[in-house]
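Asker: Mind looking over this structure? Questions follow.
4 protein chains.
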Amino acid sequence: MSDIKRVVLAYSGGLDTSVIAKWLEVERGLEVVTFTADLGQGEELGPAREKARAMGIPEKHIFIEDLREEFVRDFVFPMMRMNARYEGDYLLGTSIARPLISKRLVEIAHETNADAIAHGATGKGNDQVRFELSAYALDPDITVIAPWREWDLTSRTALIAWAEAHQIQVPKDKRGESPFSTDANMLHTSSEGKVLEDPWEETPDYVYSRTVNPEDAPDAPEYITVDFERGDGVAVNGEAMSPATLLAALNELGRKHGIGRLDLVENRFVGMKSRGMYETPGGEIYARAHRGIEQITLDRGAAHLKDELMPRYAELVYNGLWFSPEREMLQAACDHSQDKVSGTVRLKLYKGLASVVGRKSPHSLYSEAHVTFEDDAGAYDQKDAEGFIKLNALRLKLLAKRDLG
Amino acid sequence: MSDIKRVVLAYSGGLDTSVIAKWLEVERGLEVVTFTADLGQGEELGPAREKARAMGIPEKHIFIEDLREEFVRDFVFPMMRMNARYEGDYLLGTSIARPLISKRLVEIAHETNADAIAHGATGKGNDQVRFELSAYALDPDITVIAPWREWDLTSRTALIAWAEAHQIQVPKDKRGESPFSTDANMLHTSSEGKVLEDPWEETPDYVYSRTVNPEDAPDAPEYITVDFERGDGVAVNGEAMSPATLLAALNELGRKHGIGRLDLVENRFVGMKSRGMYETPGGEIYARAHRGIEQITLDRGAAHLKDELMPRYAELVYNGLWFSPEREMLQAACDHSQDKVSGTVRLKLYKGLASVVGRKSPHSLYSEAHVTFEDDAGAYDQKDAEGFIKLNALRLKLLAKRDLG
Amino acid sequence: MSDIKRVVLAYSGGLDTSVIAKWLEVERGLEVVTFTADLGQGEELGPAREKARAMGIPEKHIFIEDLREEFVRDFVFPMMRMNARYEGDYLLGTSIARPLISKRLVEIAHETNADAIAHGATGKGNDQVRFELSAYALDPDITVIAPWREWDLTSRTALIAWAEAHQIQVPKDKRGESPFSTDANMLHTSSEGKVLEDPWEETPDYVYSRTVNPEDAPDAPEYITVDFERGDGVAVNGEAMSPATLLAALNELGRKHGIGRLDLVENRFVGMKSRGMYETPGGEIYARAHRGIEQITLDRGAAHLKDELMPRYAELVYNGLWFSPEREMLQAACDHSQDKVSGTVRLKLYKGLASVVGRKSPHSLYSEAHVTFEDDAGAYDQKDAEGFIKLNALRLKLLAKRDLG
Amino acid sequence: MSDIKRVVLAYSGGLDTSVIAKWLEVERGLEVVTFTADLGQGEELGPAREKARAMGIPEKHIFIEDLREEFVRDFVFPMMRMNARYEGDYLLGTSIARPLISKRLVEIAHETNADAIAHGATGKGNDQVRFELSAYALDPDITVIAPWREWDLTSRTALIAWAEAHQIQVPKDKRGESPFSTDANMLHTSSEGKVLEDPWEETPDYVYSRTVNPEDAPDAPEYITVDFERGDGVAVNGEAMSPATLLAALNELGRKHGIGRLDLVENRFVGMKSRGMYETPGGEIYARAHRGIEQITLDRGAAHLKDELMPRYAELVYNGLWFSPEREMLQAACDHSQDKVSGTVRLKLYKGLASVVGRKSPHSLYSEAHVTFEDDAGAYDQKDAEGFIKLNALRLKLLAKRDLG
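Residue numbers (our numbering), protein chains in the order written: chain A, 643 to 1047; chain B, 643 to 1047; chain C, 643 to 1047; chain D, 643 to 1047.
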C-alpha cells in the first residue's frame, strides 16, 4: 500500500467519515477526495460540502452527486423485477445501494488519478463486503482502505477525542452514544445495534423515522393505482413519473399509512446473526404491486422459475455480488420475462397493509372464458383433464405397485 | 369400469355431492359409501348423516370422521415447517386438505371392499388432480369417478331438475346461482368464481366469512406469543395446545384482527389462471411466527437452502403431489433442519397485520457478543474480514483483469 | 375438427408416414401437404418426393427442405452452450429436433392455408408431446392430428394390409417386424423397442449404425482441436466450418473412434421408463470440448449457476418445452455467460473415449501466477486464507457451540 | 494462541509433515501428537511410526489408524448416493477425505487434552479450508495451526535446510523439486502443480500412478457386475464385500482397464482456477454403476430432484462443508430416495470405458408392459396422451394468443 497517494472516500459529511477523512490524511499521508452521493437519504448535502472544504479538501476533489434516478432505475427496479426479498422478507434496501456507491468511487478514482478508495463500514458488517467486492469487480487493481478494520479508534470516546484533537467539529448529539445506528436511502431506512440488540425486545417506536405507526395512520383506507411497463413502474394514480419520482411518491403514501416496517433477525454474510429494523414504505407497496401485475401477465413457467431463482438472487445482492456474472445471468433470465409485464394494479393502503385488490393489463393472460364456472363455449374440454391426470399419475402408480404390493 | 360395484364418495352433505351420490347409484348402478370428513370447515356433520340415511345409504356405509388433529399435525404443520407459500403468497389451504381426504377415501374403499372412489371436483380445477394423484399414489388399482367431467348436469338448472326428479331436497338458497363458490377447512376458506372472476374488481366484502374487515377490527393491538418445539407450534400465550386446538386458537385471534385475507390471481396446474380470495387467519399468524422462530434458531446454510427449495415444494403441494417421492425428499431435508427450532415468538396483531416483534429460544444462534457495536471481548476479529473479502473477490478480480483490460 | 380441410404432414417417405398420408386423405377427407426435412438423418430425400408424387400430392404441396444448418446453429448449439444432458447422460438428440420440425410444419401450414398438422409419433412416447407442445406454442389455433393415437392400424399386419389395399408400396424389409425402431438426425441416432426392451440384456452390436465398436476402432489415438467463439464451435483442427459442417466433421471422427454410444433407461414425460440406445458421436466430442473451453474461460459463479440450472433446462428440452418462456429464460441466463467462451480445446480420441487434454484461450481466467507452488510474486497473500476460513466458519462455530456445547 | 500446549498433527510420515512436527515443537514450544490415517493411500504406515518415534514423540501420542472402512462407508458411499461430481466431472476424491481426518484430529485432541490441531496444507488450496471448516464445526473452540500460512520455509531449499538443521532425514528423492504434487486415498490419486500448470499441455504419462494407460489396457473387454442394496454397493461379480473391500476390488479392475483418468481445470473455493489430474479407477466404475441401478429403481420425480440438488451438494463437499446443516439436509433428501435402490448392474470395462450394459432389480420400476410397441393388454391408454398434451399446452396457447396475435 506504500505507493498509494490519493484516495476517494465515501463521505457522508457525518462525524465518522469526517474523522476517517482526516485520519487518512494524517495517519496515512494521503490526499483525500470526498464523494457524497444523494441516494435520497433525506439529508441535505450542502453541509457535506462545507465540512469537506473545512477540512481543506480542494474544490475539485469534492464530489457531490444526485444519483437518485440512476439508483432507482438501474438498481432498485431491476431488483424489484425479480421480486427479491432476502430471507423471505427483507427488501435489500441497504444492499442495493452499495454497488452504486462503489461504482462511482471507482470511477471518480479513475477521474482523479486516485489509487484507492475508502469507506466507513465496520469489520463486522455486510457493507464492507458489498463495497469492496463491487470495487474489486470494477477495478481489480484498486486498493480499498477500511479504517474501521485497522485503526484503534474503536470506542466512541477514543473517536471523539481524536476528532477534537484534530479540529473536527463534534455535534452535540454525537457526543453521547447513539441508541442505535441507521442507514438510509430512497428505498429504505435501516436501524440496528444497541437498543435493538435483544431480539426479544420490541423495537421502540422512536426508532422509526420513515413511517407513522400504523396505529396513528388514517382510519380510512386509501386506494391507489400503479402502472407498469415492461416490468417497471411508470405511473402512480395515472400520473407518469420518472423512477425516482415514482418511488418518492410511493414513499410518501407508505409513510402516511404506516407501510413497510419490518423487524428481522437476519444472517449476515460474515457469519453472525443480526437484528435489524427496516422501513421500506414505498418499496413495500411497489413490491406488492409488481407481483400483482405479474399475476396476470406472466406465464406460469416464467413465474415459477422466477420464484425458484429469487432466493439465490437475493442472497447474491445481499452478499455484495451485484457485479458478478451469476447475478447478471439471473437478471438476464428475469428480464427476459418482463416484456409484457405492463398494466395497472390497484392497491388498498390501510394501517400498515398494502393489499392488491385489482389488476388489469392489455397483455393479460387471465382468461375468463377458460376459468368460468359458466358455459365456456368450448374453450376448455373437461375430458382432457382425465388424460392429464392419468399420465401424471402413471409414474406414481408404477411406484405404488412396487412399494405397496 | 364395468366391474365396479361399490364406490366411496367424498360427501359433504351439500346438494352437489347428494346429487352425485344418487347419480352414481341410478346412472352407474353402484352401491355408494359416503365419507364426510370434519377438517374444521365449520359445518355440523349431523345433517350429512341424515341426508345419507335419507338416500338409503346403509349405516355401515356412512363414514363421518373428525380428522382435525391429523390434518393439522400431519399435513398443515409439515407444510408450515417448509414456510410454503405458492406463488409468493398462497398458504395452500385447499391443496393441503385433498391428500388427507383421498387417503381416507382409499382406506375406506379397502375396508368396505369398494373398488372406486368419487369426488365432486370439476374438470377445470386443481382439486380433481389433487384427489386423483393422491388416490393413485396410494392405490394404483383404484378407479376414480369424477362425475363433473362425465355427466351432462353441467348447468345449475339441469342439476336442480335432476335432483328434484330423484327426490333430493334442494335447499332454498341453492335454487338460485350462488355468487361465488367456496371451500373451507381449519386452515382457510377460499372463494372463487362469478363475482370474483374479473381480477380488476375488488372482492366484495360479503365474500369474506372468516375474518372481520381490518377496518372493523379492534383499534388496539393485541400481543400474543406462540411457542414452538422442533419446528411445530405447541402453545399460544403460554397455554399448551394440541395442533388443531392451537390452529383454532390462532384462527380466532386472526378472525378478530382481520388477519390473513389474500386476493390472488394464481396459475392452476391444469393451465389457466384463476382469481381466488383466501382467508387464512390462524395460518397467516402461524406462518409468520414460524419464520420468526427460525430466524434465531436456524443456521444460515439451512435457512437459505430451505428458501431455495420452498417454491418447488409449494408447487408440488399445489399440484397434488403430496404423496410423491420428491415431496417426501424435500420434507426430509426440511425436517432435518427443525430439531432446534424451539422457542417463543411474540407477535403484534393489529388490523390485518401479524408482525413478529420478539423471539427467544434456549437454542438461539443469535450472539450479542458477535454482533454488538460495543466491545466484544475478542469474539470476532475484524481483521478476518479482510482475508474473507479478498478471497471472495479473487475470482472477480481475475474476471475484471480479463474483461476490463 | 370438422372444418379442417388441409393438413401438413411430417413426412419421412417411409411406410408409416406414407400410410398416414393416405389415411388422412381417405379416412379424413383431407388434402395432404407433405413436409420432409433434411436434418442430416443420412437418408436421401429424393425418394420422399417420388413417393409423395406417387400418392398424388401436387408438386406445390411437397415440401422438402435442408434444415441442417438451422438445426445445428439454432437448436443444437444453444443446447450445447448449456451442457445439457438429460438424466446425467442423454444428449437430447431426438428431443432437440422436434421443435424445429414443428416450427416448419406450422409455418408451412400458414403458407399453404392448411388448418392442421399431423405427425407419425405414437401415443406412448415423448415425441408426440414435443411435436404438439411446440406447435401449440407457435399457433394456438392449429389442430394436430396424431393418427397413431386414433386409428386401429395398431398391429404391423393391419398396417401392411391397409397399405396394400390402398396401393402403397411396402418395401420387403418392412414386411416383417423390425427388431427395433430408430430415429436419426445430424446429432444422433436413437434406437429402442423390441430387442432392447429387456434392460438387463446388452444391446446387440447390430443395433449400432453410426459408430464402430470401440473394439474395432483404431489402435492409435487421434488428437484433434476444436475452436470456439462465444460459446459455439467454429473450427476443427484449425479449419473454419459452419455449424452443420463442423458437427458432420466431428461425427466422422466420432464414428471412426467409436465415441458416443450410450445405453440408457430413462424416464419419459408420459410417465413410464424406457430403454434406449443412443449414438451421438460428434455430439459427445463437442459436449466435452465445450466443457473444456468453459473450464478456463468461465468464472466460477457463472459455471456453478449453469450447472445448477442445467438439469431443469434438459428436462424442459426433453419434455418438449423448447418454445416456452422458462426455457428461453434459462437460455438467456446461459447465453449471457458465453461472451468470452472462445479458444481452443485439444482432445484425444481413442476407442470410445473423447478426453480433453489441453485448452487455451485469449480470454483464459486461469492464472499460473495465482495457482503456482512457486513464488507467485505477491499475486496471492496466503494470510488472506485465514480470515476467509474464519468467517466462513463463524456460523458453524456458533452452531457447534449450541449443539455440541 | 499463547495458551496452547499440545497439538495434534495430521502426520503423513513424509518430509513436509515431519518438518512441521519439529517446527511446532521448536518454534512454537508445543507438544506434538501425531495422527496418521490409513485411507488406502497405498503407503505403509510403519515408517510413519518410526519417524514419529525418532522425533521423540512418546508412544501414547503416536496415533496410526486404519480408517478405510469408515472412509468408504460413511463418506464415499453417501456422496456416491448423490451421484456427486464437481463441475460436471470431478468425483471429489480429495475433498471427501478431509472431513474424516479432521474428525479424528478433533477426537484425538479431546482424548489427549490437546488444544489445537495442525495440518500441512498450503494457503492457496482447498484443503486448508476443508480441514479447518470441519474442525471448527466439530469443536468451535479448537485452535488450528497451518504452518504453511505462517512460516517462512516457503522455498524447497529453505525447508530442506531447516530439516537438516533439525536432524530430520531428507530422502534423496525429496532433495530436488518434485515435478508435481499428489494426494492419494482409496478413492483417488490427484496430481497438480509444476508440469501440470500449463492447461494446454497434455499430462505426461508418468504422472499417472493408479491406472494403466488405456492404450496399454487389455484388448478384450471384461464384463463385471456390481450389486447394490439400498443405494450402496455390496458385491462385485456376485461376491459380497465390505465397502472398502468393494472399492478396492473396483480399483483393481479400473486400474487394469485404464478407467477413471480425468484432466480438469477446476475452480477452487479460494478463488483461482487450478489444473488437476485425477485417477479414480474404482470410483468411476462405482459412480456409473450407481446411476445404472438408479435408472430402473428410482422414480422420475426423485431422480430429477436429485439431479437438480447434486451440483449444490458437490460444491458443498468440495468447499469443505461436509459437516454443515445444508449438506446434511441434502443428504437426508437423497437418502430418503435410496430405499429401493437395490439390484445388479452389469458393466463392460474396456480401455478407459466403464459402460453400463445391463441392470436388473427386484424393485425395478421399468415396465415392459407399459413401454412395449407390442400389444400392452390395456396397461396404457394412448388416448390419455391427448388430454395430457392439451392441458400441458394450455398455458402456452394462451401465451401464443397474446403474443402472436
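Note that CB positions come from ideal geometry on N, CA and C, so glycine has one too. None of the values given here were measured: they were computed from a predicted structure.
#1: If I measure Cβ to Cβ from K647 (chain B) and keep anything under 7 angstroms in the same chain, skipping five residues before and after, which residues do I get?
#2: If the criterion is Cβ atoms closer than 8 angstroms, does the pair L666 (chain C) and A760 (chain C) meet it?
#3: Helix, strand or coil: how does DSSP classify G994 (chain D) here?
#4: Tell me whether I810 (chain A) sits in a helix, a strand or coil according to DSSP, three-state version.
#5: Using a Cβ-Cβ cut-off of less than 7 angstroms, give me the residues of the stretch 1001-1014 of chain D that come near chain A, in sequence order.
#6: Is A974 (chain A) close to chain C? Criterion is C-beta to C-beta, closer than 8 angstroms.
#7: Kindly list the residues whose CB is nearer than 6 angstroms to the CB of E864 (chain C), restricted to its own chain and excluding five residues on each side of it in sequence; keep chain order.
#8: Is it the case that the stretch 997-1008 of chain D contacts the stretch 732-747 of chain C, given that we only count it when at least three CB pairs across the two stretches are under 8 angstroms?
#9: Looking only at its own chain, which residues have a Cβ that is under 8 angstroms from the Cβ of S1006 (chain C), when we skip the five neighbours before and after it?
#10: Tell me which residues of the stretch 967-997 of chain C have at least one Cβ-Cβ distance to chain A shorter than 9 angstroms, keeping chain order.
#11: Exposed or buried, what is N1034 (chain C) when buried is set at 16 or more other beta-carbons lying within 10 Å of its beta-carbon?
#12: In the DSSP assignment, what residue or residues form a beta bridge with D708 (chain B)?
#13: Between L889 (chain C) and E711 (chain C), what straight-line distance do the alpha-carbon atoms span, to the nearest angstrom?
#14: Just the chain C side, please: which residues come within less than 8 angstroms of G943 (chain B) by C-beta, in chain order?
#15: Report the three-state DSSP secondary structure of A739 (chain A) (helix, strand or coil).
#16: What does K915 (chain B) reach in chain C if we use C-beta pairs closer than 9 angstroms?
#17: Report the rounded CA-to-CA distance for D1045 (chain D) versus L681 (chain C), giving the unit in angstroms.
#18: Here's the rule I'm using: 16 or more other beta-carbon atoms within 10 Å means buried, otherwise exposed. How should P860 (chain D) be labelled?
#19: My assumption, with CB atoms under 8 angstroms, is that L733 (chain A) sits in contact with A929 (chain A). Please give the rounded CB distance.
#20: Output yes or no for whether 8 angstroms exceeds the beta carbon distance between G994 (chain A) and P846 (chain A).
#21: Can you give me the start and stop residues for the alpha helix (DSSP H) that V661 (chain A) sits inside?
#22: Distance check for A1027 (chain A) and I784 (chain C), CA to CA, integer angstroms please.
#23: Between K677 (chain A) and R746 (chain A), which are expected to be in contact by the criterion C-beta below 8 angstroms, what is the C-beta distance as a whole number of angstroms?
#24: Per DSSP, I787 (chain B) is paired with what?
#25: Counting beta carbon pairs with one atom in the stretch 917-932 of chain C and one in the stretch 944-952 of chain C, are three or more of them shorter than 8 angstroms?
#26: Should A975 (chain B) and M697 (chain D) be called a contact, given that it needs their Cβ atoms to be closer than 8 angstroms?
#27: Looking at the unbroken beta strand (DSSP E) that takes in D905 (chain D), where does it start and where does it end?
#28: Check the DSSP bridge columns for Y732 (chain D) and list the partner residues they point to.
#29: Return the chain-ordered list of same chain residues with a C-beta closer than 6 angstroms to the C-beta of P841 (chain A), the five sequence neighbours on each side being excluded.
#30: What residue range does the alpha helix (DSSP H) around S776 (chain C) cover?
#31: Just checking my contact of G735 (chain B) with G900 (chain B) at CB under 8 angstroms: how many whole Å lie between their CB atoms?
#32: Is the beta carbon of V668 (chain B) less than 8 angstroms from the beta carbon of I810 (chain B)?
#33: Report the option in C:I706, C:V675, C:P967 whose CA atom is closest to the CA atom of E685 (chain C).
#34: Less than 8 angstroms between the C-beta atoms of M722 (chain A) and H1012 (chain A), yes or no?
#35: If you measure between the beta carbons of I787 (chain D) and V650 (chain D), is that distance less than 8 angstroms?
#36: With DSSP as the reference, please indicate the residues paired to G875 (chain B) in a beta bridge.
Answerer: In brief:
#1: L672, E673, D757
#2: yes
#3: coil
#4: coil
#5: H1005, L1007, S1009
#6: yes
#7: L991
#8: Touching, no.
#9: I938, T939, G985
#10: P967, E968, R969, E970, M971, L972, Q973, A974, A975, C976, D977, H978, S979
#11: By the beta-carbon neighbour count (other beta carbons within 10 angstroms, threshold 16), N1034 (chain C) is buried.
#12: B:D680
#13: 10 angstroms
#14: R1037
#15: coil
#16: In chain C, no part has a C-beta under 9 angstroms from the C-beta of K915 (chain B); the shortest such distance is about 14 angstroms.
#17: Those two C-alpha atoms are separated by around 29 angstroms.
#18: Exposed, by the Cβ-count rule.
#19: 6 angstroms
#20: The answer is no: Cβ separation not under 8 angstroms.
#21: 657-668
#22: 20 angstroms
#23: The question names Lys, but residue 677 (chain A) in the sequence shown is Phe. Indeed, because the Cβ distance is near 6 angstroms, the residues count as touching under 8 angstroms.
#24: B:A760, per the DSSP bridge assignment.
#25: Short answer: they don't touch.
#26: No, these two residues do not count as a Cβ contact at 8 angstroms.
#27: That run of the beta strand (DSSP E) goes 903-909.
#28: D:Y728
#29: In chain order, V907, R917 place their CB closer than 6 angstroms to the CB of P841 (chain A), counting only its own chain and leaving out the 5 sequence neighbours on each side.
#30: Residues 769-780.
#31: Rounded, the Cβ-Cβ distance is 17 angstroms, inconsistent with contact.
#32: no
#33: When each option's Cα is compared against that of E685 (chain C), the closest is C:I706.
#34: no
#35: no
#36: B:F870
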